[in-house]
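**Student:** Quick one: the structure is below, and I'll ask about it shortly.
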Amino acid sequence: MASSEPASQETQSRNNTRIIVAIIITVVALAFVFSNVGSATLRFLFLQFTMPAWAWFLAVLAAGVVIGSLFPWFRPKRKNR
Numbered sequence: 082m083a084s085s086e087p088a089s090q091e092t093q094s095r096n097n098t099r100i101i102v103a104i105i106i107t108v109v110a111l112a113f114v115f116s117n118v119g120s121a122t123l124r125f126l127f128l129q130f131t132m133p134a135w136a137w138f139l140a141v142l143a144a145g146v147v148i149g150s151l152f153p154w155f156r157p158k159r160k161n162r
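Our numbering puts the first residue of the sequence shown at 82, with every later residue one more than the last.
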């Protein structure tokens, strides 16, 4: 049991680091989004959409999260121990 304890501490430390990095990225992304409050127009083919810039940024962020969750091809594969 003693040998599994350092591994669990290492895993816990890695998870804590990931959480901290995720929080920092989220705060920076939200600061960027809400500092751009002007109107933005998107033209796609023959359609035109006008929304606040922050709404576009949030929509792109949400699309990225969904696509990243649906297609985990680029995640490193874990080795079974």
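Ideal Cβ placement from N, Cα and C applies to all residues, glycine included.
(1) Which residue from N97, S120, L139 puts its Cα closest to that of T131?
(2) Helix, strand or coil: which one does DSSP assign to L123?
(3) So what does DSSP say about Q90, is it helix, strand or coil?
(4) To which residues does DSSP link P133 through a beta bridge?
(5) I'd like to know whether the C-beta atoms of V109 and A134 end up nearer to each other than 8 Å.
(6) Out of L151, E91, V141, which has the shortest C-alpha to C-alpha gap to F113?
(7) How many angstroms separate the CA atom of Q90 from the CA atom of R99?
**Tutor:** The relevant details are as follows:
(1) Here residue 131 is taken as the residue at index 50 of the sequence shown, counted from 1. Of the candidates N97, S120, L139, the one whose C-alpha sits nearest the C-alpha of T131 is S120.
(2) By 1-based counting over the sequence shown, the position of residue 123 is 42. In the structure shown, L123 sits in a strand (DSSP, three-state: E or B).
(3) Position 9 of the sequence shown, counted from the first residue, corresponds to residue 90. In the structure shown, Q90 adopts helical secondary structure according to DSSP, grouped into three states.
(4) By 1-based counting over the sequence shown, the position of residue 133 is 52. As a beta-bridge residue in DSSP terms, P133 pairs with S120.
(5) Within the sequence shown, numbered from 1, the residue matching residue 109 stands at position 28. Within the sequence shown, numbered from 1, the residue matching residue 134 stands at position 53. It is not a contact, given that the beta carbons lie outside the stated cut-off.
(6) Numbered from 1 along the sequence shown, position 32 holds the residue referred to as residue 113. When only C-alpha atoms are compared, the closest one is V141.
(7) Along the sequence shown, read from residue 1 onward, the residue named residue 90 stands at position 9. Along the sequence shown, read from residue 1 onward, the residue named residue 99 stands at position 18. Rounded to whole angstroms, Q90 to R99 spans 14 Å at the Cα level.
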